[in-house]
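Novice: Here the sequence shown stands for residues -21 to -1, 1 to 143, numbered as in mature numbering (1 follows the signal peptide of the UniProt record, and there is no 0). We treat Cβ as the ideally placed atom computed from N, Cα and C, and that holds for glycine. Keep in mind that this is a model prediction, so the values were computed, not measured. Would you mind keeping the following structure in view while I ask a few things?
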Amino acid sequence: MKIKAIFFFLFSLFSISLSFSQQKENITQFPQITGYINDFENIYTPEEIKELTEIISLFEKETGNEIVVATIDNISNYDSFEKYTIDLSNYWGVGKPDKNNGLSIILSKKLRLVRINTGIGTEEVISDDFCQQLINKHAIPNYKEGNFFTGTKLMLLAIIEAWR
């Protein structure tokens, strides 16, 4: 009887500690969404934010499709930029739940990374290959020169043209 009690106690203790260690890895404090443009690295001027916001806002009014841009300086406790950006987009709820028509452009000047995430409904029109082509054509050359606004705007315009 004592052996069963000790075994149960140790098993319970092990289960609880395992649960806490898994929770610690999965808990991330994502920043709160501030609008269409979430410039947490402060790389855009107020005028640039206004222009990008107007482009996205008009597109959403025309189509109902949602686009969000974010700049971030870290990926918290994540090992992968890709996984962090997907989870951030899901946390923010980019896109209408019934249509999955969201798209996010997330870049990091500090980490020198950029990714375009698409909702399931968006993938029917905007493929991952197309997103990578936009990154290669517009983001990388402009971002290397410090032209974050230009690279972002060109990607947005190409996405909107393809998504209409």
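(1) How many Å lie between serine -1 and glutamate 33 at the Cα?
(2) Reducing DSSP to helix, strand and coil, say where leucine 90 ends up.
(3) With burial defined as no fewer than 16 other Cβ atoms inside 10 Å of the residue's Cβ, what is the status of lysine 3: buried or exposed?
(4) How big is the Cα-Cα spacing for threonine 101 and glutamate 124?
(5) Could you check the C-alpha separation between glutamine 8 and serine 55 for me, to the nearest Å?
(6) Could you work out which residue in Ile65, Leu92, Ala49, Phe109 is closest to isoleucine 12 when comparing CA atoms only?
(7) Starting from the Cα of glutamate 140, find the closest Cα among Ile28, Glu26, Leu37 and give me that residue.
(8) Taking the alpha-carbon positions, what's the aspartate 108 to asparagine 44 distance?
(9) Glutamate 20 and lysine 89: beta carbons closer than 8 Å?
Specialist: Straight from the coordinates:
(1) The residue you call residue -1 lines up with position 21 of the sequence shown. The residue you call residue 33 lines up with position 54 of the sequence shown. Unreliable placement is indicated for serine -1, whose pLDDT of 44 sits below 50; no coordinate value is reported for it.
(2) Translated into the one-based positions of the sequence shown, residue 90 becomes position 111. Three-state DSSP puts leucine 90 in coil, outside helix and strand.
(3) The residue given as residue 3 occupies position 24 in the sequence shown. Unreliable positioning characterises lysine 3 in this predicted model, as indicated by a pLDDT of 46, which lies under 50. A coordinate reading is not provided.
(4) On the sequence shown, residue 101 is found 122 positions in, with the first residue counted as 1. On the sequence shown, residue 124 is found 145 positions in, with the first residue counted as 1. If I take the Cα positions, the gap works out to 30 Å.
(5) Position 29 of the sequence shown holds residue 8. Position 76 of the sequence shown holds residue 55. C-alpha of glutamine 8 to C-alpha of serine 55: approximately 8 Å in a straight line.
(6) Residue mapping note: residue 12 aligns to position 33 of the sequence shown, counting from 1. Ranking the options by Cα distance to isoleucine 12, first place goes to Ala49.
(7) Counting from 1 along the sequence shown, the entry for residue 140 is found at position 161. Looking at the Cα atoms, Leu37 is the closest of the given residues.
(8) Taking the sequence shown and counting its residues from 1, one reaches residue 108 at position 129. Taking the sequence shown and counting its residues from 1, one reaches residue 44 at position 65. C-alpha separation (whole angstroms): 20 Å.
(9) Here residue 20 refers to the residue found at position 41 of the sequence shown. Here residue 89 refers to the residue found at position 110 of the sequence shown. Cβ distance < 8 Å, so glutamate 20 and lysine 89 count as in contact.
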